Structures are given as structure tokens and as C-alpha cells.
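Under this note's numbering, think of the first position of the sequence shown as 562, with each following residue one higher.
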Amino acid sequence: MTELYAIALFLFVLFLLLGTGVWVGLALMGVAWVGMELFTSRPVGDVMVTTIWATSSSWTLTALPLFIWMGEILFRTRLSEDMFKGLSPWLARLPGGLVHTNIVGCTVFAAVSGSSAATLSTVGKMSIPELRARKYPEQLIIGTLAGAATLGLMIPPSLALIVYGVTVNESITQLFFAGVVPGLVLAVMFMGYVAIYSYVAKDWAPVQETGMSFAEKLRNSRFLLPVICLITVVIGSMYLGYATATEAAAFGVLGGLVLAAGQGSLTWETFNASLMGAMRTSAMIALILAGAAFLKLSMGFTGLPRALADMISATELSRFQLLMALLVFYIVLGMFLDGISSVVLTMAVVEPMVRGAGIDLIWFGIFVVVVVEMAQITPPIGFNLFVLQGMTDHEMGYITRAALPMFLIMVVMVFVLIWLPDLALWLPDTIREAR
């Protein structure tokens with residue numbers, strides 16, 4: 562019964578603070594403070610300061626602001642325009658036509674950004690006017706953008722995977738490699754849906770593209786070379802073992818600056834805006850991580866995570882049943898919190914359960930990211946929905962309905978991951994053995 566009282570108290574204080582508008586990171590610290598005061602005799606102030614400093618000074622965490630800065634730099638270049646020019650000749654003849662540029666463009670930009678919002682804004686600002694001009698169905702344009710932009714949370718360099726890795730003390734590089742294949746599979750599933758829609762939809766009547774010769778397509782492909790080179794430098798340096806995630810992030814920032822300078826987009830104003838944008842986002846995430854670390858320590862002193870893990874073990878849930886319970890739990894939580902907050906808030910309790918069930922933490926990281934991707938497109942707090950509302954002026958209900966098929970595809974992806982765990986584990990295991 563003591564554990565139930567502790568859970569009720571933690572939840573009450575948390576939702577009280579969040580409901581009054583307190584920042585997530587400070588709310589987590591407040592919950593941890595109350596727990597330490599009521600359930601332990603340790604000096605709370607000393608413990609809090611030590612924990613926050615240890616979390617904030619983590620070398621692994623250095624990759625986070627660097628990758629965010631790289632995405633901010635590229636967000637202010639003509640990258641989206643160039644990607645559309647390079648991709649559209651090759652994708653126009655596929656079933657579904659140029660709508661595939663939403664998915665492929667988001668997949669490509671996710672590989673140099675790591676942020677779902679940056680991916681959505683960058684690709685959307687170019688593709689939405691172009692696709693509307695060609696009379697593609699509005700609901701499909703909005704839906705594919707909302708869903709494909711979430712790939713920024715999975716395909717490396719993923720901010721969500723960095724946060725997860727720091728929280729559970731797993732290798733960021735291994736998590737990055739684990740996200741590559743599932744991210745590409747999810748992108749293919751989105752493209753499959755678009756192809757099917759183009760055959761069965763009654764409102765499918767886009768303007769047909771004029772044919773291009775093979776030589777013209779190759780000439781247009783030169784617009785893709787800068788971003789392909791940047792992806793190769795960032796991901797390739799980690800794959801070949803030449804750089805850690807943090808060092809690859811530094812290479813990415815330098816590459817982004819070179820790319821922006823080459824396009825003529827690098828001015829003092831854009832440089833300053835990218836730096837300040839990265840600082841704001843990094844500070845927000847760092848505060849959440851610091852609060853989560855203090856909460857995790859506080860819960861550890863109370864014995865709550867282990868008690869909950871023992872309670873789950875006593876129910877004798879199978880791995881599948883536990884994963885289904887966590888799937889529902891994270892979907893519900895994602896309706897009220899963004900993905901990164903959901904991860905750091907819950908890992909103190911969920912990690913012991915997962916370890917006790919014998920679930921690989923690298924694989925579970927990909928599972929969690931797929932589920933929190935759904936949080937980006939579920940009302941009332943789905944961040945991608947708000948970004949799209951600002952870009953398109955549609956009502957939230959319309960955007961939610963447009964994104965629903967993408968949400969269902971992500972649910973299917975969860976079951977694919979459970980059925981084929983090697984989708985996430987094959988690449989990191991192969992690279993580990995090769996080294």
C-alpha cells in the first residue's frame with residue numbers, strides 16, 4: 562500500500578505543477594523534491610545540485626545541442642527547394658506521384674536534422690504550395706507531411722534517441738544505427754499507403770508532370786549532392802568508427818555552415834538566428850533531462866521503481882502483454898506530453914520493468930521512439946498538428962483526420978518491430994561484430 566500512496570502523491574504533485582503552467586523540467590524537479598522530503602532523510606539541496614551538475618556535464622549530451630544547431634542552420638538554407646528539384650523528376654512517375662516527395666524529403670532531411678518540427682517546417686514550406694498547384698488531394702498532402710515528419714525522431718541523428726540513450730545509459734551510436742532500418746521501413750510503409758490511395762481514391766486527379774529525359778533527371782539530381790554529402794559525413798564517420806556521435810555532430814555543424822555559405826544563405830542574421838534557436842531548444846531539453854535525473858534518483862531512494870517492477874513481475878505478464886500495456890500507456894501519455902518529455906518522465910519506472918522482462922534496451926529504444934512519434938500527431942498536444950495548422954490555416958480536426966492513417970501505420974510498425982526484432986538489432990550487431 563505504501564507504493565500506491567507514493568505513486569498517487571507523485572502523480573498528484575506532477576499534474577498539479579503541469580496544470581498550473583510550470584515548465585516540464587521544473588515540474589519534475591518539484592515532484593522529486595517532494596518525494597525526497599517525505600520519503601528520505603537525505604539533504605535534498607545537496608543531492609539535487611549534485612545530480613543536476615552530473616547530468617548537465619555529461620560528455621555524451623554534448624551531441625544534443627550540436628545536432629540541434631546543425632538542423633537550425635539547414636532550416637535557414639534553400640535545402641527544401643533544392644530537394645524538391647532533385648527528387649521530383651524521379652518520383653513523379655511512381656503511383657502516388659509527387660506526394661512521395663513529402664515522405665522522401667522528410668526522410669532525407671531527418672538524416673541531417675534529428676528534429677520532427679524542423680523536418681516538417683523545412684519540407685512543408687516548399688512541398689505544400691507545389692503539390693497544391695498540381696491539384697493533389699489536400700488531405701493526403703497534410704497527412705503525409707504530419708506522419709513523415711515524425712521520422713526525424715527515429716532516423717539518425719535523432720534527438721529522441723540521444724535523450725533516451727542518456728537516460729538509460731546506452732550507446733548513442735548503437736541507438737542511431739538501430740534506428741536506420743526501422744526508419745526506412747516506416748517510410749516505405751507511408752509510400753505504400755500513398756500508392757494505394759492513388760488507385761482507390763475518387764478525388765485523385767493531379768496535373769500530370771511533363772516527361773523528362775534521363776539526362777535531365779541526372780542534371781536535376783545535382784541539387785541533392787550537398788545534402789547527400791552531409792549525410793555521408795555525419796553517418797559515415799560513425800559507421801566507419803572514425804567519430805563518436807558527438808564528434809559526428811561537430812562535423813555536421815561544420816558541414817551545415819559550409820552548405821549554407823555555398824548557397825549564399827549564411828549571413829550574420831541567419832547565423833545568429835540558428836545559434837539562438839539551438840540554444841533555446843537545447844536549454845529546454847537539458848532542463849527536462851536534469852529534472853528527470855533528479856526524479857529518477859528520488860524515486861530510487863523511495864524504492865518505487867523496484868516495487869513497481871516486482872508488482873509487474875507478480876502479474877506474470879508475458880513480454881508481448883507488457884509491450885502492449887506500454888503501447889497503450891505511451892499513446893495516452895502522448896496525448897498530453899511531447900515525445901521527449903514522455904521518455905524522460907517514465908524511464909525511471911519503465912526501465913526496471915523492461916530489464917526484468919529481458920527486453921533488449923537498444924530494441925526498446927526504437928519501440929519507444931515509434932510510439933512517441935505517434936504523440937507528435939495525436940491531439941490535443943500533437944506538436945506536428947500545431948505546426949501544420951500554422952502553415953495551412955486548417956482546423957485542428959481536419960489535420961487530425963488527415964494524420965489518422967499515418968498514426969495507424971505507426972501502430973502496425975510497432976507490431977512489425979515485435980514480430981521482427983532484428984529490424985532494429987541487425988545493423989548495430991553487424992557493425993559491432995565488424996569492429
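For glycine and all other residues, C-beta sits at the position ideal for the given N, C-alpha and C. Predicted, not measured: the structure shown is a model, and the values here were computed from it.
Residues of its chain near residue i, where Cβ-Cβ distance is below 7 Å and the 5 sequence neighbours each way are ignored
i    : result
Y800 : I992
S782 : G647
L888 : V932, V975
M935 : I892, G895, F968, M971
W651 : K778
T623 : T807
P989 : Q735, F738, A739, I923
A847 : S617
Residues near residue i by beta carbon distance below 6 Å, same chain, minus five either side
i    : result
T831 : R637
A809 : V795, S798, M799
T939 : G895, M896
E633 : S835, G838, A839
M590 : G852, F855
T680 : C667, F670, A671, S674, A710, G713
M597 : V605, S859
V585 : I849, S902
W924 : P982, A985, L986
L764 : The amino acid at residue 764 is misidentified as Leu; the sequence shows Asp. Within the same chain, D764 has close Cβ partners P698.
Cβ neighbour criterion (16 or more within 10 Å) applied to residue i
i    : result
F576 : exposed
G666 : buried
Q882 : exposed
F573 : exposed
S719 : buried
A821 : buried
Q937 : buried
Y803 : exposed
Y760 : exposed
P698 : buried
L692 : buried
G958 : exposed
E777 : exposed
N730 : exposed
L779 : exposed
G900 : buried
V973 : exposed
V749 : exposed
W829 : exposed
D643 : buried
P690 : exposed
T616 : buried
A811 : buried
S676 : buried
S602 : exposed
G582 : exposed
L722 : buried
G926 : buried
Contact set for residue i: own chain, Cβ-Cβ below 8 Å, skip 5 residues either direction
i    : result
G816 : M631, C790, L791, V794, V795
K696 : A766, P767, V768
A588 : L575, L578, L579, G852
G813 : L627, F628, M631, V673, P718, L791, V794, V795
G922 : In the sequence as presented, Gly is not what sits at residue 922; that position holds Leu. The residues are V729, E731, E912, V915, R916.
V592 : F571, V574, L575, L578, L856, S859
G919 : R880
V819 : none
Check whether the stretch 848 to 858 and the stretch 661 to 675 are in contact - that is, three or more C-beta pairs closer than 8 Å. no
I'd like to know if the stretch 753 to 769 and the stretch 730 to 745 are in contact, where contact means that at least 3 CB-CB pairs between them fall below 8 Å. no
Below 8 Å, can you find three or more Cβ-Cβ pairs linking the stretch 615 to 632 to the stretch 835 to 848? yes
Check whether the stretch 948 to 964 touches the stretch 895 to 915, taking contact to mean three or more Cβ pairs, one atom from each stretch, closer than 8 Å. no
Touch test, the stretch 684 to 692 against the stretch 705 to 722, Cβ-Cβ under 8 Å, three pairs minimum: yes
Answer yes if the stretch 739 to 753 comes into contact with the stretch 714 to 731, meaning at least three C-beta pairs across the two stretches below 8 Å, and no otherwise. yes
Can you list, in chain order, the stretches of the alpha helix (DSSP H) that have 4 or more residues and sit fully within the stretch 770 to 806? 775 to 781, 786 to 800
Assess contact between the stretch 912 to 921 and the stretch 952 to 966, defined as three or more Cβ pairs (one per stretch) separated by less than 8 Å. Is contact present? no
Report yes or no: do the stretch 688 to 705 and the stretch 957 to 966 share at least 3 C-beta pairs separated by less than 8 Å? yes
Could you tell me whether the stretch 780 to 788 touches the stretch 645 to 653, using the rule of 3 or more Cβ pairs below 8 Å? yes
Complete alpha helix (DSSP H) runs within the stretch 591 to 668 (minimum length 4 residues, chain order): 605 to 617, 624 to 636, 640 to 652
Touch check for the stretch 602 to 617 and the stretch 651 to 667: three-plus C-beta pairs under 8 Å? no
Alpha helix (DSSP H) segments (min. 4 residues) lying fully within the stretch 881 to 951: 900 to 917, 922 to 936
Minimum length 4: unbroken alpha helix (DSSP H) runs contained in the stretch 704 to 784: 720 to 729, 733 to 761, 775 to 781
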